[in-house]
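Visitor:
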Amino acid sequence: MNNKVVLVHGFSKDSRDMLQLQENLNQLGYEGITVDLPLTFKTIETAASIFKKEMEILISSLDDEELIHLVGHSTGGLIVRNFLATTDTIDKVGRAVLIGTPNYGSQLADIAADLSTILVNILKTLRSLQTEEVRKLELVEDSKIDIGAIAGNKNNLLLGKLLSKESDGLVHVESVKYEGLKDFIILSYGHKEIHYKFETAELVVSFLEKGKFE
């Protein structure tokens, strides 16, 4: 049974931020596997390189017919897309879901760079999230596997007041959606809560099993 799911956390977080999603997925019959990546003081490229090596080890342990799924929250979704664009083992991946991922960059990262060059030079992941920097990343577009995305539109965070369009408080809804997606859905949750919700886990499972959100 292809029920293993790698859960990738976002900026300034670690594997603990994915434990609720892991528990929810476990209840739905899936084995959630968490990772810890340096997504604060290192560039996205550096974290992606580490993730790729960890995935190679994990994939080598799979049974011949076994596949593995991927779920990334926020910046973790960019890690997932980079892996899909660069791996030689795409045939071992089932499906992937991105949750609140800034696929076209983060307006807040752009604002932070304008306010303080020092800040983004220290928080290198934040620098990597600038719109121009995300464009430079090697990210999968039209993938051999199905990729779905979930966006939130509940702007319930203080920083969200700085955003000019519909958002989850940190990421614009329109930044989550890109043309190569198999399916896309919007939920009424904020960025920091959306991946904690059982409804989100149910939609993830629906996509992993059917290739669409139902």
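Residue 2 is where the sequence shown starts when you use our numbering, and the numbers rise one by one after that.
Where a beta carbon is used, it is the ideal one built from N, C-alpha and C, also for glycine.
Residues in its own chain within less than 7 Å of Leu204 by CB, not counting five upstream and five downstream?
Guide: Excluding sequence neighbours, Leu204 sits near Ile151, Ile186 and Phe214.
Visitor: Touch check for the region 93-109 and the region 159-168: three-plus C-beta pairs under 8 Å?
Guide: Yes, they touch.
Visitor: If I measure Cβ to Cβ from Lys198 and keep anything under 7 Å in the same chain, skipping five residues before and after, which residues do I get?
Guide: Contacts found: Tyr190.
Visitor: Are at least three pairs of beta-carbons, each pair with one atom in the region 4-20 and one in the region 116-134, less than 8 Å apart?
Guide: Contact holds: three or more Cβ-Cβ distances are below 8 Å.
Visitor: Tell me, please, whether the region 126-138 touches the region 66-74 by the rule of three or more beta-carbon pairs shorter than 8 Å.
Guide: Flag = no, the region 126-138 and the region 66-74 do not touch.
Visitor: Tell me Lys5's beta-bridge partners as DSSP assigns them.
Guide: In the DSSP output, where bridge partners are listed per residue, Lys5 has Glu32 and Ile69.
Visitor: Comparing alpha-carbon positions, which option in Asp169, Ser168, Thr102 and Val174 lies nearest Leu140?
Guide: Of the candidates Asp169, Ser168, Thr102 and Val174, the one whose C-alpha sits nearest the C-alpha of Leu140 is Thr102.
Visitor: Any heavy atom of the ligand SAM inside 7 Å of the beta-carbon of Thr76?
Guide: The ligand SAM is not among the ligands present in this structure, which contains no ligands whatsoever.
Visitor: Given a cut-off of 8 Å, decide if Leu59 and Ile69 are closer than it, judged by their beta-carbon atoms.
Guide: Taking 8 Å as the Cβ cut-off, Ile69 and Leu59 qualify as a contacting pair.
Visitor: Take Tyr179 and list the residues in its own chain whose beta-carbon comes closer than 8 Å to its own, dropping the five residues that flank it on each side.
Guide: Closer than 8 Å at the Cβ level, and outside the excluded window around Tyr179, lie Asn104, Tyr105, Glu142 and Ala150.
Visitor: Starting from the Cα of Asp37, find the closest Cα among Asp18, Ile195 and Asp89 and give me that residue.
Guide: The candidate whose alpha carbon is nearest that of Asp37 is Asp18.
Visitor: Is the distance from the Cβ of Gly1 to the Cβ of Leu116 below 8 Å?
Guide: The structure shown does not extend to residue 1, since the chain is modelled only from 2 through 215, so no value can be given for it.
Visitor: What's the call for Asn83, buried or exposed, on a 16-neighbour Cβ count within 10 Å?
Guide: Counting Cβ neighbours within 10 Å, Asn83 comes out buried, since at least 16 surround it.
Visitor: Compare the Cα-Cα distances from Ser144 to each of Leu85, Ser61 and Gln28 and report the closest residue.
Guide: Considering only alpha carbons, the answer is Leu85.
Visitor: Measuring CA to CA, which of Lys166, Val7, Ser176 and His173 is closest to Arg96?
Guide: With distances taken between Cα atoms, Arg96 lies closest to Val7.
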